[in-house]
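Numbered according to this note's numbering, the sequence shown terminates at residue 676, and the numbering increases by one at each position without gaps. Backbone N, C-alpha and C fix where the C-beta goes; we use that ideal spot for every residue, glycine too. All remarks here apply to the structure that follows.
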Amino acid sequence: MPTPSANRHQGKVAIITGSGQGIGRGIARYFAQEGAQVVVAEFNKTNAEEVAHELSAFGVEALAYPVDVSDTERVGQMVADVVAQFGKIDMLVNNAGLSRPMPLFDLTPESWEPIIKVNLNGLFFTLQTVAKQMVAQIPDEVKQAGRAPHSYGKIVNFSSVAGRSGRPYDAAYSATKWGVISITQSAATYLAPYNINVNAVCPGLVPTPMWDNIDKVQGQKRQGLQPGEWMQKSIEAIPLKRAATPEDIAAAVSFLCSSEADYITGQALNVDGGIEMN
Ligand SMILES: NC(=O)c1ccc[n+]([C@@H]2O[C@H](COP(=O)([O-])OP(=O)(O)OC[C@H]3O[C@@H](n4cnc5c(N)ncnc54)[C@H](O)[C@@H]3O)[C@@H](O)[C@H]2O)c1
């Protein structure tokens, strides 16, 4: 199992969206163990506060910030509040995401909309707002020189293996996760002159509340399987023959946020035990 590298993110400030549970919570714990000050930017206030409390045990400053990432005004307020408290933002992990699996024919404009709103609008405008702040943090003389001497920020967006191939029972979700890869490439190119790195990760199967729901809808309801059976069958199809842990994903995200990844930008990294190989 991957283990955090002590001090890797010492003195750095990270906003991690959707970090109240699941993968985001794992990343928040991992980053805190690597010395980062973490903003738990999360829709569920109770979970945000619980995670922030948990992180303080690692000796770092953690801020619970209840936010709906699709509320652009609130995201703007969050960025201003984070800068007021911590003085800067070094890393953004755009992890918050929504999945509502259902057969393709059952999708309506009403069920399509919230997925797009969170996974695309929310992710894009959070990236845009934080990136503007990262650019504002670059000294004027560096901007005038036209090329930054070192990285001035790291952004990691959450795509999925569903952003690599279509999903008949999660068409809206899959569309957004393909879109995340496009946003990543656009932003990486736009922000390259500032040496701000933008990459995406594409996780495979991580047992979280999101996957519990996939098991319920696709396994239990659609195929009459027992709880957990669809997840198990899906795990058997993974070349490495196991599900990912949140730490598997956190280790990849942490690497992309580190100086070791200064020369990596615009990439979408599969972290999936070999499900997708392109
Ligand atoms: N679990 C997997 O197997 C898997 C696979 C591929 C990609 N992903 C992606 O990884 C990310 C995390 O997934 P997870 O499995 O931990 O999901 P999860 O549903 O268990 O947790 C998602 C978290 O995001 C928060 N959130 C949702 N909408 C929000 C909003 N509008 N504003 C702020 N917070 C919001 C939720 O409250 C929750 O705490 C998602 O982007 C997901 O699409 C997950």
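1) If you drop the 5 nearest sequence neighbours on each side, which residues of the same chain put their C-beta closer than 8 Å to that of residue 670?
2) From residue 433 to residue 507, what does the alpha carbon distance come to, in whole angstroms?
3) Less than 8 Å between the C-beta atoms of residue 494 and residue 424, yes or no?
4) I want to check one thing, is the minimum distance from the CB of residue 494 to the heavy atoms of ligand 1 below 7 Å?
5) Measuring from the CB of residue 667, is there a heavy atom of ligand 1 at a distance below 7 Å?
6) Nearest by alpha-carbon distance to residue 392: which of 606, 608, 629 is it?
7) Could you pull the DSSP bridge partners for residue 401 from this structure?
8) Quick check on residue 556: does DSSP put it in helix, strand or coil?
9) Among all the DSSP beta bridges, which residues are the ones paired with residue 601?
10) How is residue 677 classed by DSSP in three states: helix, strand or coil?
11) Among 587, 556, 585, which residue has its Cα nearest to the Cα of residue 572?
12) Return the chain-ordered list of same chain residues with a C-beta closer than 8 Å to the C-beta of residue 453, the five sequence neighbours on each side being excluded.
13) By the DSSP assignment, the alpha helix (DSSP H) with residue 527 in it spans what residues?
14) Contact defined as beta carbons within less than 8 Å: I believe residue 535 pairs with residue 486. What is the distance between those atoms, to the nearest angstrom?
15) Looking at the secondary structure, which residues open and close the alpha helix (DSSP H) in which residue 611 lies?
16) Count the C-beta pairs between the segment 464-479 and the segment 540-552 that are closer than 8 Å, then say yes if the count reaches three, no if not.
17) Under 8 Å by Cβ, that's how I've got residue 663 and residue 586 pegged, so tell me the actual separation to the nearest angstrom.
18) Is DSSP giving residue 411 helix, strand or coil here?
19) Quick one: what's got a C-beta closer than 6 Å to residue 464's C-beta in the same chain, skipping five residues either side?
20) Counting only runs that start and end within the segment 447-490, where is the alpha helix (DSSP H) found for 4 or more residues in a row?
21) For the candidate residues 605, 504, 579, whose alpha-carbon lies nearest to that of residue 421?
22) Would residue 566 pass as a contact of residue 623 if the rule is Cβ separation under 8 Å?
With the given structure in hand:
1) In its chain, beyond the 5 residues on either side, 559, 600, 601, 602, 603, 636, 642 have a beta carbon closer than 8 Å to the beta carbon of residue 670.
2) 43 Å
3) no
4) yes
5) no
6) This structure leaves residue 392 out entirely; the chain is present only between 399 and 676.
7) DSSP lists no partner for residue 401.
8) strand
9) 669
10) The structure shown does not extend to residue 677, since the chain is modelled only from 399 through 676, so no value can be given for it.
11) Closest by alpha carbon: 556.
12) 426, 427, 430, 436, 438, 460
13) Run containing residue 527: 521-534, per the alpha helix (DSSP H) assignment.
14) 6 Å between Cβ atoms; contact.
15) In the DSSP assignment, residue 611 falls within the unbroken alpha helix (DSSP H) covering 607-612.
16) no
17) 4 Å
18) Reduced to three states, the DSSP call for residue 411 is strand.
19) 443, 446
20) Counting whole runs of 4 or more residues, the segment 447-490 contains the alpha helix (DSSP H) stretches 470-484.
21) 605
22) no
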